[in-house]
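Worksheet: one structure, shown below.
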Amino acid sequence: MPELPEVETIARGVDKRARGDRIVQVWFDHHPQPFKTPRARQARGLTGRTILAVHRTGKHIVFELSSSGSTPDAQWIVHLGMTGRLLVTTPDGPVAPHTHARLTLASGRELRFVDPRRFGRLEFRDLHRGTVFGAPGDEPLTIGEREFAALFRGRRLYIKAALLNQTLLAGVGNIYADESLFHAGIRPRRRANRLTRAELDRLRIALHEILTHAIRLGGSSVSDYVDADGERGFFQLEHCVYLRTGEPCRSCQTPIRRVVVAGRGTHYCPKCQQ
DNA sequence: CATTTCACCTGGTGGC
DNA sequence: TGCCACCAGGTGAAAT
1140 MPELPEVETI ARGVDKRARG DRIVQVWFDH HPQPFKTPRA RQARGLTGRT
1190 ILAVHRTGKH IVFELSSSGS TPDAQWIVHL GMTGRLLVTT PDGPVAPHTH
1240 ARLTLASGRE LRFVDPRRFG RLEFRDLHRG TVFGAPGDEP LTIGEREFAA
1290 LFRGRRLYIK AALLNQTLLA GVGNIYADES LFHAGIRPRR RANRLTRAEL
1340 DRLRIALHEI LTHAIRLGGS SVSDYVDADG ERGFFQLEHC VYLRTGEPCR
1390 SCQTPIRRVV VAGRGTHYCP KCQQ
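Following the working numbering, the numbering of the first sequence begins with 1140 at its first residue and continues without gaps.
Structure (structure tokens):
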């Protein structure tokens, strides 16, 4: 499931391959789910525009688009959901099942959106009419100590649920929530407002280190995640708790435990995390 | 308002 | 071997 490091890896890959290219033709399949903006308006808006840059905000991939010149006048926002992929391919390459969008670029290459479960979303924004897209939550890579602590003040929900809440922190999902709680030595079912200042800062630093390290390794390939070139990431090899139920803790050998918190499978070491 | 539950989807798993 | 019930999980809407 693509979270911040996977989305960052994909955004960088697409930026490298599609920056400066122009969208000359758009094809969408018949499924209505992915289209947050009506399909026809979206296709009309994309066609003819140039991709100025591609970047990540939270778990969203944002395309800065222009119909002329170097100032963006529109944005295409892609959310990959659970199983979404964005691929830059040659036009004659085999089309994967569940391909919902194909954008033909002036260079001859194709940008494809593939998503078996269809939890992903595609949105088009005309900047003359609306405002610039911004993810609601704070970025875990740049947030400071005081702001981070303030996010959880007065919140009685479990810290695991708080980490997954995108309006607080943008980009953290199930894998990196579990991994950061392990590295900070905090139980997933601690109440967010009961964490000490020291624990909160351990958590902030753990998140920063893990997300940065995972980006360096190209993300985690669990299930079938791949980047814009179809390459897998390697951070899954360094997971300490996620999907390691019953396996020995890398630090103390205690079997890793699995519980359900906030409706999600949650993995932790009962000895290292108190 | 804060928090929890549920629906949306398909591929993979396990029981029979 | 085949069929089917069941479930994960990101998000947003609905319920509490």
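Where is the CB? At the ideal position from N, CA and C, for every residue including glycine.
Rounded C-alpha distance that separates residue i from residue j
i: Cys1411; j: Phe1272; result: 40 Å
i: Arg1326; j: Thr1306; result: 22 Å
i: His1425; j: Arg1389; result: Shown here, the chain extends from 1140 to 1413; a query on residue 1425 therefore has no answer.
i: Lys1299; j: Ala1274; result: 20 Å
i: Leu1204; j: Gln1164; result: 15 Å
i: Leu1303; j: Lys1198; result: 12 Å
i: Leu1296; j: Arg1151; result: 34 Å
i: Glu1147; j: Cys1391; result: 32 Å
i: Ala1240; j: Leu1225; result: 9 Å
i: Ser1359; j: Val1311; result: 13 Å
i: Phe1373; j: Ile1354; result: 10 Å
i: Val1398; j: Gly1385; result: 12 Å
i: Met1140; j: Ile1314; result: 8 Å
i: Ala1331; j: Arg1285; result: 15 Å
i: Pro1233; j: Arg1268; result: 38 Å
i: Leu1414; j: Val1227; result: This structure gives no information on residue 1414, because the portion of the chain shown stretches from 1140 to 1413.
DSSP-derived helix/strand/coil call for residue i
i: Val1153; result: helix
i: Ala1213; result: strand
i: Gly1263; result: According to the sequence provided, residue 1263 is Phe. The question's Gly does not apply to it. Strand at Phe1263.
i: Thr1148; result: helix
i: Ser1205; result: strand
i: Asp1368; result: coil
i: Asp1277; result: strand
i: Leu1308; result: strand
Residue i, enclosing alpha helix (DSSP H) - first and last residue
i: Phe1258; result: Unbroken run through Phe1258: none, as it is neither H nor E.
i: His1347; result: Arg1336 to Arg1355
i: Leu1185; result: Arg1178 to Leu1185
Residue i - partner residues in DSSP beta bridges
i: Pro1236; result: Answer is none; Pro1236 lacks a bridge partner.
i: Gly1324; result: Beta-bridge pairing links Gly1324 to no other residue.
i: Thr1405; result: Val1398
i: Pro1387; result: Pro1394
i: Gln1125; result: Nothing can be reported for residue 1125: it is not among the residues displayed for the chain, which extend from 1140 to 1413.
i: Glu1286; result: Paired residues: none, contrary to the question.
i: Arg1241; result: Trp1166 and Arg1251
i: Arg1330; result: Tyr1297
i: Ile1200; result: Arg1195 and Val1217
Residue interval of the beta strand (DSSP E) (run including residue i)
i: Tyr1297; result: Counting along the chain, Tyr1297 falls outside any beta strand (DSSP E), and DSSP gives it neither H nor E.
i: Leu1191; result: Thr1189 to Thr1196
i: Thr1228; result: Arg1224 to Thr1228
i: Val1163; result: Ile1162 to Phe1167
Cβ-based neighbour list, residue i, same chain, cut-off 6 Å, excluding 5 preceding and 5 following
i: Leu1244; result: Asp1160
i: Arg1343; result: Phe1287
i: Leu1290; result: Leu1307
i: Arg1403; result: Asn1313
Proximal residues to residue i (C-beta, below 7 Å), its chain only, five neighbours per side dropped
i: Val1090; result: Absent from the structure is residue 1090, since the part of the chain shown begins at 1140 and ends at 1413.
i: Trp1215; result: Leu1185, Phe1202, Leu1204 and Phe1263
i: Ala1401; result: Tyr1297, Lys1299, Ala1300 and Leu1303
Sequence-distant residues of its chain with Cβ nearer than 8 Å to residue i (five each side left out)
i: Arg1257; result: His1170, Gln1172, Pro1173, Gly1220, His1237 and His1239
i: Asp1265; result: Gly1184, Asp1212 and Ala1213
Near the ligand NAD: residue i beta-carbon under 8 Å from a heavy atom
i: His1169; result: No copy of the ligand NAD appears in this structure; indeed no ligand is present at all.
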